[in-house]
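Engineer: Note that the protein sequences, when read in sequence, are chains A and B. Counting the first sequence from 1 gives a position; the numbering used here is that position plus 134. Counting the second sequence from 1 gives a position; the numbering used here is that position plus 2. Positions of the beta carbon are idealized from the N, C-alpha and C atoms, including for glycine.
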Amino acid sequence: MTRLPTDRPLVRATAAAVAIVVAVLLVGQFVPYFATTTNLSKVLLEAAILSVAAFGMTLVLLTGGIDLSVGGVMSLVGVVEVSLVSSGVPWPAAVVVGLGIGLLLGTVNAVIVSRLKLPPFIATFGTLGIAAGLALYIANVIGHPVFPPDFVSLGNDAVLGIPITVMLAVAILIVLEVVTRVTTWGVHLRATGDNFAVARLSGVPVARVLGSAYVISGLLAATAGTMLAARLGTANPLQGEPYTLLAVAACVIGGVDLFGGRGHLWAAGAGAVFLFAIRNIMNLQGVQPFMQDLVIGLLIIAAVLVTVQGPALRDMASDALQRSRHRNAA
Amino acid sequence: MRRLGVSSAVIAAAALVVAMVPAAAVAQDEAPVIGLSVKTITNDPFQAAWVEAATAKVEELGGTVQLLVAGGQTAVAQQSSQLEDLVTQQVDGIIVSPMDGSAVLPALQKAADAGIPVFLVDQPIAAGNEALYETLIATDNVKAGRDLATYLVTTMNDPELKVAIIEGAPGSVAGDDRLAGFNEGLASGNITPVASATGEWDNAKALAAMETILQANPDLQAVLSASDVMVDGILQALAGAGKTDVKVLAIDGSTVGIQGVLDGKIMADNTQDPMAMGSTAAEFAMGMAGGTVEPGSLEKYIDSGTVTVTLENAEEAMAKAF
Numbered sequence: 135m136t137r138l139p140t141d142r143p144l145v146r147a148t149a150a151a152v153a154i155v156v157a158v159l160l161v162g163q164f165v166p167y168f169a170t171t172t173n174l175s176k177v178l179l180e181a182a183i184l185s186v187a188a189f190g191m192t193l194v195l196l197t198g199g200i201d202l203s204v205g206g207v208m209s210l211v212g213v214v215e216v217s218l219v220s221s222g223v224p225w226p227a228a229v230v231v232g233l234g235i236g237l238l239l240g241t242v243n244a245v246i247v248s249r250l251k252l253p254p255f256i257a258t259f260g261t262l263g264i265a266a267g268l269a270l271y272i273a274n275v276i277g278h279p280v281f282p283p284d285f286v287s288l289g290n291d292a293v294l295g296i297p298i299t300v301m302l303a304v305a306i307l308i309v310l311e312v313v314t315r316v317t318t319w320g321v322h323l324r325a326t327g328d329n330f331a332v333a334r335l336s337g338v339p340v341a342r343v344l345g346s347a348y349v350i351s352g353l354l355a356a357t358a359g360t361m362l363a364a365r366l367g368t369a370n371p372l373q374g375e376p377y378t379l380l381a382v383a384a385c386v387i388g389g390v391d392l393f394g395g396r397g398h399l400w401a402a403g404a405g406a407v408f409l410f411a412i413r414n415i416m417n418l419q420g421v422q423p424f425m426q427d428l429v430i431g432l433l434i435i436a437a438v439l440v441t442v443q444g445p446a447l448r449d450m451a452s453d454a455l456q457r458s459r460h461r462n463a464a
Numbered sequence: 003m004r005r006l007g008v009s010s011a012v013i014a015a016a017a018l019v020v021a022m023v024p025a026a027a028v029a030q031d032e033a034p035v036i037g038l039s040v041k042t043i044t045n046d047p048f049q050a051a052w053v054e055a056a057t058a059k060v061e062e063l064g065g066t067v068q069l070l071v072a073g074g075q076t077a078v079a080q081q082s083s084q085l086e087d088l089v090t091q092q093v094d095g096i097i098v099s100p101m102d103g104s105a106v107l108p109a110l111q112k113a114a115d116a117g118i119p120v121f122l123v124d125q126p127i128a129a130g131n132e133a134l135y136e137t138l139i140a141t142d143n144v145k146a147g148r149d150l151a152t153y154l155v156t157t158m159n160d161p162e163l164k165v166a167i168i169e170g171a172p173g174s175v176a177g178d179d180r181l182a183g184f185n186e187g188l189a190s191g192n193i194t195p196v197a198s199a200t201g202e203w204d205n206a207k208a209l210a211a212m213e214t215i216l217q218a219n220p221d222l223q224a225v226l227s228a229s230d231v232m233v234d235g236i237l238q239a240l241a242g243a244g245k246t247d248v249k250v251l252a253i254d255g256s257t258v259g260i261q262g263v264l265d266g267k268i269m270a271d272n273t274q275d276p277m278a279m280g281s282t283a284a285e286f287a288m289g290m291a292g293g294t295v296e297p298g299s300l301e302k303y304i305d306s307g308t309v310t311v312t313l314e315n316a317e318e319a320m321a322k323a324f
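1. In the structure shown, what three-state DSSP assignment does VAL28 of chain B receive?
2. From the beta carbon of PRO282 of chain A, is the nearest beta carbon of chain B less than 8 Å away?
3. Just to make sure I have the definition right: I need the residues of chain B whose C-beta is within less than 7 Å of the C-beta of THR368 of chain A. Which are they?
4. Thinking just about the alpha-carbon of each residue, which of A:GLY199, A:VAL152, A:ALA151 and A:THR241 is nearest to the one in LEU353 of chain A?
5. Specify the secondary structure class of LEU372 of chain A as computed by DSSP and reduced to three states.
6. Since VAL343 of chain A is in the beta strand (DSSP E), which residue starts that stretch and which ends it?
7. If you count every other CB in all the chains shown that lies within 10 Å of the CB of LEU455 of chain A, and 16 or more means buried, which is it?
8. In angstroms, rounded to a whole number, what distance separates the CA positions of PRO371 of chain A and ALA51 of chain B?
9. Who are the near neighbours of LEU268 of chain A in its chain, counting only those whose CB is closer than 6 Å to its CB and skipping five residues on each side?
10. Could you tell me the alpha carbon to alpha carbon distance between PHE259 of chain A and ASP271 of chain B, rounded to whole angstroms?
11. Check whether the Cβ of PRO108 of chain B lies closer than 8 Å to any Cβ atom in chain A.
12. If we call anything under 8 Å between Cβ atoms a contact, is GLN373 of chain A one with ALA287 of chain B?
13. Please report how far the alpha carbon of SER346 of chain A lies from the alpha carbon of VAL175 of chain B, in whole angstroms.
14. Can you tell me the Cα-Cα spacing of ALA146 of chain B and GLN81 of chain B, whole angstroms?
15. Using only alpha-carbon positions, find the residue among B:SER99, B:LEU122, B:ILE96 and B:VAL71 that is nearest to GLU301 of chain B.
16. When the distance is taken between beta carbons, is ASN243 of chain A closer than 8 Å to THR537 of chain A?
17. Taking the continuous alpha helix (DSSP H) assigned at LYS267 of chain B, which residues delimit it?
18. Ends of the alpha helix (DSSP H) at TYR271 of chain A?
19. With a threshold of 8 Å between beta carbons, is GLN373 of chain A in contact with chain E?
20. Indicate the three-state DSSP secondary structure (helix, strand or coil) for ILE193 of chain B in the structure shown.
21. Just the Cα atoms here: how many angstroms apart are SER229 of chain B and ILE253 of chain B?
22. Applying a beta-carbon distance threshold of less than 9 Å, which residues of chain B neighbour ALA273 of chain A?
23. Starting from the Cα of ALA208 of chain B, find the closest Cα among B:ILE193, B:SER227 and B:ALA109 and give me that residue.
24. Mind pulling the chain B residues with CB within less than 7 Å of GLU180 of chain A?
25. Quickly, what does DSSP pair TYR303 of chain B with across the bridge? List them, please.
26. Against THR172 of chain A, what residues of chain B qualify as contacts under a CB-to-CB distance less than 8 Å, listed in chain order?
27. From the DSSP output, in three-state form, read off ASP284 of chain A for me.
28. Kindly indicate the opening and closing residues of the alpha helix (DSSP H) around THR95 of chain B.
29. Between GLY191 of chain B and ARG148 of chain B, how many whole angstroms is the CB-CB distance? I'm expecting something under 8 Å.
30. In or out: TYR303 of chain B buried (at least 16 other Cβ within 10 Å) or exposed?
31. Within this structure, are the beta carbons of ILE168 of chain B and ILE97 of chain B separated by less than 8 Å?
32. Pick helix, strand or coil for GLN238 of chain B, following the three-state DSSP scheme.
33. Might you give, ordered along the chain, the residues of its own chain that have their beta carbon closer than 8 Å to the beta carbon of ALA26 of chain B, omitting 5 neighbours on each side?
34. At the 8 Å Cβ level, is VAL261 of chain B part of the contact set with chain A, yes or no?
Encoded structure:
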């Protein structure tokens, strides 16, 4: 039987899509209101915000690093944008400034990691403190302004049934996928993540590539922070806090290797959708938060086990199976 | 890629298992379901008290409760998300204590669009949004802050009094109102606080804030805390710095607070009545679900009262403490 190489990705994609639809319908049988368009649309809308942050986290994880400053940047950008808007700046300009702040903080991370050679955990932990602290400071000064309704609608409304946040996340994903596959930089990024030493020996400018991942992560965190601010209509200085670990969780559930080199951007997006779907199901079933955190924690462990230890576990299982077959045959 | 397939299969299976966990009884058609949305009930006796009172009253009147807890003192986005999930389930009424008076507005708009009546307890939402709720049952937090600060000023009778304030979480209207009340009360004695920092409604954060303030103000004489939930952290910081003569005053009237007054660790505590808040809100919610209370007929604000508790009236306050 000849297998046409072009069919396989398409077949796999279609199979995945069918599996998702089936899963949604099945869950919808047990959980009232889950499989309605309003509810699914809401889940995707929220997941889109996390996935943008998760895309940035994926790029950083691919280089073997981590970006803990995501949540702080998200909060800070929201606070800066709302304070500009409340002093009369039109929101598009405020958003540009906000994105600039993300770029700036991302660059700080990049310099500390690639030039000063500090471990990413520590470097980004420091930036997290700076960003989160600045957010609290500014919020203390400005009180509680809110965003204008046309900005808020970007974070809550849909066009032709698709939430605007989802369209934005998908657009960002497409751009990132294209850039990381087509451009030299993208190829270098994957090479650096795959095997740092080999990449460097092959002449890849690893320091610059490493740094660029953090710069982009900062920009994407700022984008996610803007989307979150639009969604909530306000900028609470702590509203981004949970998103750092959520972004890591989304990446892990999506199969991104925490130790670098392996992972897909779209998979991180799928991980984000998954997290929000599980939360939504548990909310609809009235599951208590302690249980919710427990379930998500177990899911993350299961995901890591399967994706990282998966091949080892499979070998163990097949060894055991072979041994039992030999015993039965004897 | 196969790795991804296996992991997604595992996760899909897990999702199905989770979905089949029958947690709270979801609506039978006859019994009205009232949704409760709160930030957390762990380590927060105030929130736990109104939730318990509301649940008891709803069940007493023949309904069931769908309780969604956001899981933290600052889980703002999660509360918004949970409010929307309550709307999705078409509950017959929502009782909510909003963490951030602005962040919940889009979600409450969805509730209004779906025709689900909303009852606020403890914390208001941003002004100008009266159409989004039926009534707010809360302490007059400005008055509570003012009464407490005025008590401090008149008792100490010291024009150079050095007072610090430990505030609530940012975005909390109750926290802001109490702060405004503190400042008003202090101003009545011409006193300006030497420091004012957020404890984020959390003992650990309050401890850190208190320690920092003590570094800069070693001659501090009194601390006004926006809530009992931060008092343990504050007392720990004071003990750690050897400053056990600093007067601590707080708001809530919880058993922690009243016991502190009885033990002499807290100078005065202004009470709240979360049981009344929860119970009254539940009565109105069930009434509206059953058609005995007309939407739009309730007073927009119902004051649940506050009393300044000192050593004199602490014993009787303990009976009502939560």
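Structural biologist: In brief:
1. Only weak support exists for where VAL28 of chain B lies, its pLDDT of 46 falling under 50; the value from the coordinates is given anyway. It is coil, neither helix nor strand.
2. no
3. ASP102, SER104 and ALA105
4. A:THR241
5. coil
6. Note, VAL343 of chain A: premise wrong, no beta strand (DSSP E); alpha helix (DSSP H) at 340–366.
7. exposed
8. 28 Å
9. LEU210
10. 38 Å
11. yes
12. no
13. 41 Å
14. 26 Å
15. B:LEU122
16. Outside the modelled stretch of chain A, which goes from 135 to 464, sits residue 537 of chain A, for which no answer is possible.
17. From DSSP, LYS267 of chain B is part of no alpha helix (DSSP H); its letter is neither H nor E.
18. 254–276
19. Of the protein chains in this structure, namely A and B, none is chain E.
20. coil
21. 5 Å
22. PRO172 and GLY173
23. B:SER227
24. SER83
25. B:LEU138
26. THR90
27. helix
28. Note that residue 95 of chain B is Gly in the sequence shown here, rather than Thr. Here GLY95 of chain B belongs to no alpha helix (DSSP H); instead the beta strand (DSSP E) covers 95–98.
29. Contact doesn't hold; Cβ gap of about 12 Å is too wide.
30. exposed
31. no
32. helix
33. Bear in mind that a pLDDT of 42 at ALA26 of chain B, under 50, signals an unreliable position, so the number given afterwards is only what the model happens to contain. THR66, VAL67, GLN68 and LEU69.
34. Per the sequence presented here, residue 261 of chain B reads as Gln, with Val not at that position. So, not an interface residue.
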